[in-house]
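Notes follow the structure.
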Amino acid sequence: MNRVNLITLTLLASMTVSVQASTTRDVDDLVDMRVSSGERELEDRGYRHHKTIDIKNDSIGYWWNSRRDQCIAVTEEHGRFKSILEQPEVMCGRDDHYDDDDDRYRGDLDNISELKGMRTHSAENALEDAGYRHRKNLEVKNGDIDYWWNRHEHKCIAVNSKDGRVTLAMDQPDQMCD
């Protein structure tokens, strides 16, 4: 490769990296951080977990920040944040289920099974945004069971968690949330 082509290639690569980095400046420092620490940092910075897609041994987590109106994708590899890139709002579920006046979720979760694997704090935020209110907590041998009620949907759900992660979410009879 001649010198002009090498310089051009280097400039193009650096411009691409700087464009991507500028879209997520508030979280660039999280790249290479352990996933557990990075998730806490994202929450501290106003991001809420939307969903995670598993790909072989890795995954991509989608996070929404309502203050910034920003959706990001966090690629996780070998237990660390590999990359963080801005995404279209629709990737974080931002559509007609949201009320523009107060930026609160106005529908129910597409599927409560989406909560499985979320950090407990993120799942609680998602449930509150979807109109659920915490009713009670039961401590059991292998973790906790939290019951959540959505009065608009007249729906009760149980969320099992262990070690700070949701292990199962399922519909319950209404009387379980009384």
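Counting in numbering that gives the first Met the number 0, the sequence shown runs from 0 upward without gaps. Where a beta carbon is used, it is the ideal one built from N, C-alpha and C, also for glycine. Everything numeric in this text was worked out from a predicted model, so none of it was measured.
Exercise for the section: Specify the secondary structure class of ASN64 as computed by DSSP and reduced to three states. Expected result: strand
Practice task
Please check the pair ARG118 and GLU38, which I expect to be a contact at CB under 8 Å, by giving their CB distance rounded to whole angstroms.
Solution key: 6 Å
Problem - Pair within 8 Å by beta-carbon distance, MET175 and CYS155 - result: yes
Problem - Nonlocal neighbours in the same chain, by C-beta distance under 7 Å from SER121, ignoring five residues either side - result: GLU42, ARG47 and HIS48
Practice task
Take every Cβ of the segment 133-151, pair it with every Cβ of the segment 76-96, and state whether three or more of those distances are shorter than 8 Å.
Solution key: no
Practice task
Kindly indicate which three-state DSSP category GLY106 falls into: helix, strand or coil?
Solution key: Here the model assigns GLY106 a pLDDT of 42, short of 50, so the residue's position is not dependable and the matter cannot be decided.
Exercise for the section: Measure the C-alpha to C-alpha separation of ASN159 and ILE111 and round it to an integer number of angstroms. Expected result: 12 Å
Practice task
Tell me whether ASN124 sits in a helix, a strand or coil according to DSSP, three-state version.
Solution key: helix
Handout entry: Endpoints, beta strand (DSSP E) assigned at SER82
Key = 79-86
Problem - Contacting residues, own chain, Cβ-Cβ under 6 Å from ASN149 (five flanking each side not counted) - result: GLY130 and TYR131
Exercise for the section: Leaving out five residues on either side along the sequence, give the residues of the same chain with a beta carbon under 6 Å from the beta carbon of ASN64. Expected result: GLY45 and TYR46
Exercise for the section: Tell me CYS155's beta-bridge partners as DSSP assigns them. Expected result: TRP148 and GLN171
Problem - Closer than 7 Å: ARG47 CB and nearest the ligand ZN heavy atom - result: The ligand ZN is not part of the structure shown, which contains no ligands of any sort.
Handout entry: Reference ASP53, options GLY78, ASN136, ASP68 and VAL30, closest by Cα
Key = GLY78
Practice task
With DSSP as the reference, label GLY116 as helix, strand or coil.
Solution key: coil
Practice task
Starting from LEU41, follow the beta strand (DSSP E) in both directions and report where the run begins and ends.
Solution key: That residue, LEU41, is in no beta strand (DSSP E); its alpha helix (DSSP H) goes 34-43.
Practice task
Helix, strand or coil for ARG24, going by three-state DSSP, please let me know.
Solution key: helix
Practice task
Pull up the distance between the alpha-carbon of GLU152 and that of GLU123, whole angstroms please.
Solution key: 17 Å
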